[in-house]
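Structure first, commentary second.
In the working numbering, the protein residues as written are 27 to 584.
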């Protein structure tokens with residue numbers, strides 16, 4: 027990966043990322059009794075961040091895989107930490123998805139959050155900054171800071187404003203994610219010290235570390251499987267990202283977190299937080315450890331197929347609407363991982379597009395559940411039925427989002443799943459055949475859910491006089507539906523923007539160590555990471571670098 031600079035000439039990524047924090051400061055100055063001001067201020071700030079982000083696709087150069095809108099500043103030079111923001115075709119739409127869903131999450135909470143309103147919106151805005159930082163940070167130290175920052179507000183959103191088992195779900199979410207984060211930190215440090223030892227330059231710069239070829243020779247035998255240094259570091263990163271996706275069998279925190287989170291928390295969790303895991307795989311695991319990525323393809327394919335089928339089958343027996351949609355995420359994210367590890371343009375592009383599709387359709391489904399919960403204070407399917415009679419507008423919008431989630435042609439889900447299946451069939455036809463069963467099961471559980479809740483007679487007295495959607499509630503769903511149709515009918519702008527970046531990742535994986543600027547064996551001899559101007563440093567000089575510097579210091583002090 028290379029850098030292209032910043033065509034706008036302003037720190038646009040910093041502006042988008044930290045604008046929500048400006049909103050936090052403003053909210054701190056508002057009295058907690060002024061609830062209406064707090065709500066509107068939080069909404070306007072998140073909307074301003076979205077408005078600023080619209081500059082990104084307008085000025086993004088789709089002809090190159092280079093990192094754009096670059097912001098670089100020395101932060102902690104003694105250990106090689108830089109303030110390094112950048113954007114490419116992989117992260118572009120994820121940033122847009124985050125800024126798009128954040129004001130919707132704020133707006134949907136206007137009536138549902140009755141206590142500690144000020145604190146709720148403060149945590150929501152801090153969470154937005156953390157998520158955006160993850161997608162634009164290109165320094166591992168900075169990336170890890172944003173990764174950890176995101177944990178705290180989501181923990182409080184679930185633990186304070188969640189439903190019955192909120193504390194259990196919040197702690198479970200926090201512990202699962204924190205465990206993965208610690209393992210990833212070990213991987214980051216391993217990469218940092220290995221690359222620094224090879225080149226004589228210690229840095230957390232992701233682009234520099236990507237240019238180093240990490241050893242692929244076996245160093246340990248675990249249960250009869252020979253693992254290299256590259257395999258071990260790949261697993262350290264993969265474990266953290268697999269928990270976040272979540273992949274089977276690391277998914278058990280997700281249904282609890284979704285079920286007990288407030289509506290805004292579920293929308294953000296499904297829409298953005300899960301994508302941080304899949305983003306981590308395609309941003310770090312694939313280009314940094316290409317041989318290990320190819321080595322673990324069978325494992326990822328097996329776990330993805332299990333997630334697709336298992337998640338769909340568990341949905342069939344769920345009595346709770348929110349829990350059903352939570353398990354559907356396990357199935358849908360299995361498709362994302364399947365396409366990503368097909369290592370062909372159709373599969374990887376379909377994977378990235380499906381991240382966006384899932385964020386829109388599943389985020390919309392959680393909004394739908396939240397709207398009915400605000401009226402009936404229950405999510406049990408058995409307590410509903412015939413809702414389309416008192417709420418025809420609600421039933422119509424619900425149907426559109428449901429069809430988008432199912433992958434109906436003309437809506438966004440179809441494009442992503444179609445590309446993923448093409449990619450999977452090119453690798454192994456039977457992987458694609460197994461994945462198709464997930465689509466069939468997905469249609470079954472979604473249609474059955476809709477039939478039980480929207481159709482039939484109104485059997486519960488409480489359901490007969492439910493008010494239909496008001497203007498604010500429709501405003502949360504209509505933008506999502508508009509994008510579902512846009513991607514479904516004309517996906518070209520979305521696919522074109524990621525085309526060059528996807529081709530670059532696939533090329534790196536195919537070439538492996540041969541495509542790295544600093545090979546594992548000659549890294550110490552070249553003394554540089556993709557920079558031809560730096561003088562060469564022999565192996566023994568790199569090995570004795572510390573003692574030579576000490577000797578120089580000693581002479582200087584005399």
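By construction, the Cβ of each residue, glycine as well, lies at the ideal position given by its N, Cα and C atoms. Just so you know, these numbers come straight off a predicted model, no measurement behind them.
Could you check where the alpha helix (DSSP H) with residue i kicks off and where it finishes?
i: residue 69; result: 61-79
i: residue 32; result: Run containing residue 32: none; DSSP gives neither H nor E here.
i: residue 287; result: No alpha helix (DSSP H) contains residue 287, which DSSP labels as neither H nor E.
i: residue 530; result: 518-537
i: residue 489; result: Careful: residue 489 lies outside any alpha helix (DSSP H) and carries neither H nor E.
i: residue 245; result: Looking at the DSSP string, residue 245 is not in any alpha helix (DSSP H); the run it does join, the beta strand (DSSP E), is 244-248.
i: residue 399; result: 371-402
i: residue 134; result: From DSSP, residue 134 is part of no alpha helix (DSSP H); its letter is neither H nor E.
i: residue 236; result: 232-236
i: residue 500; result: 497-515
i: residue 50; result: 38-54
When we look at the beta-carbon of residue i and count the other beta-carbons within 10 Å, is it buried (16 or more) or exposed?
i: residue 342; result: exposed
i: residue 179; result: buried
i: residue 491; result: exposed
i: residue 455; result: exposed
i: residue 202; result: buried
i: residue 51; result: exposed
i: residue 516; result: exposed
i: residue 10; result: Any property of residue 10 remains undetermined from this structure, which presents the chain solely from 27 to 584.
i: residue 250; result: exposed
i: residue 403; result: exposed
i: residue 487; result: exposed
i: residue 481; result: exposed
i: residue 536; result: exposed
i: residue 479; result: buried
i: residue 105; result: exposed
Would you give the residue range spanned by the beta strand (DSSP E) that residue i belongs to?
i: residue 100; result: 93-102
i: residue 108; result: 107-113
i: residue 254; result: 251-254
Just how far apart, CA to CA, sit residue i and residue j?
i: residue 228; j: residue 32; result: 26 Å
i: residue 407; j: residue 477; result: 10 Å
i: residue 46; j: residue 483; result: 46 Å
i: residue 121; j: residue 330; result: 25 Å
i: residue 161; j: residue 464; result: 29 Å
i: residue 40; j: residue 111; result: 8 Å
i: residue 435; j: residue 428; result: 13 Å
i: residue 109; j: residue 132; result: 29 Å
i: residue 54; j: residue 66; result: 14 Å
i: residue 566; j: residue 238; result: Confidence is the limiting factor: at residue 566 the pLDDT is only 35, short of 50, which leaves the residue's position unreliable, though a coordinate-based value still follows. Near 19 Å, if we compare the C-alpha coordinates of residue 238 and residue 566.
i: residue 28; j: residue 503; result: 39 Å
i: residue 556; j: residue 527; result: The predicted model places residue 556 with a pLDDT of 34, which falls under 50 and marks its position as unreliable, so this point remains unresolved.
i: residue 36; j: residue 321; result: 42 Å
i: residue 259; j: residue 206; result: 13 Å
i: residue 137; j: residue 253; result: 54 Å
i: residue 360; j: residue 58; result: 43 Å
i: residue 325; j: residue 362; result: 15 Å
i: residue 425; j: residue 71; result: 31 Å
i: residue 445; j: residue 375; result: 7 Å
i: residue 264; j: residue 60; result: 45 Å
i: residue 127; j: residue 151; result: 12 Å
i: residue 235; j: residue 221; result: 7 Å
i: residue 420; j: residue 399; result: 13 Å
i: residue 83; j: residue 246; result: 46 Å
i: residue 101; j: residue 113; result: 19 Å
i: residue 194; j: residue 183; result: 13 Å
i: residue 134; j: residue 472; result: 23 Å
i: residue 520; j: residue 199; result: 32 Å
i: residue 153; j: residue 169; result: 14 Å
i: residue 373; j: residue 525; result: 12 Å
i: residue 85; j: residue 339; result: 44 Å
Could you check if residue i belongs to the surroundings of the ligand NAP, using beta carbon to heavy atom distance under 7 Å?
i: residue 405; result: This structure lacks the ligand NAP, and indeed carries no ligand of any kind.
The region 272-292 in contact with the region 386-399 per 3-pair CB rule at 8 Å: The region 272-292 is in contact with the region 386-399.
Count Cβ pairs between the region 83-100 and the region 210-221 that sit closer than 8 Å; are there 3 or more? Verdict: no, contact absent.
Any chance the region 304-316 sits against the region 141-153, with 3 or more Cβ pairs inside 8 Å? Segments in contact, no.
Taking contact to mean at least 3 C-beta pairs separated by less than 8 Å, is the region 375-385 in contact with the region 293-307? Using a Cβ-Cβ distance cut-off of 8 Å, the region 375-385 and the region 293-307 are in contact, since at least three pairs of beta carbons, one from each stretch, lie closer than that value.
Ranges of the alpha helix (DSSP H) found wholly within the region 163-219, counting only runs of at least 4: The region 163-219 contains these whole alpha helix (DSSP H) runs: 166-175, 177-187.
Any contact between the region 350-357 and the region 435-450? By contact I mean 3 or more CB pairs, one from each, below 8 Å. They do not touch, by the three-pair rule.
Restricting to runs no shorter than 4 residues, where is the alpha helix (DSSP H) found entirely within the region 410-481? Whole alpha helix (DSSP H) segments, 4+ residues: 418-432, 438-453, 455-480.
In chain order, which continuous runs of the alpha helix (DSSP H) of length 4 or greater are located wholly inside the region 266-352? For the region 266-352, whole alpha helix (DSSP H) runs of length 4 or above, ordered along the chain, are 279-286, 289-294, 300-306, 316-321, 323-341.
Cβ pair count under 8 Å reaching 3, the region 280-290 against the region 171-189: Three or more Cβ pairs closer than 8 Å define a contact, and the region 280-290 meets that threshold against the region 171-189.
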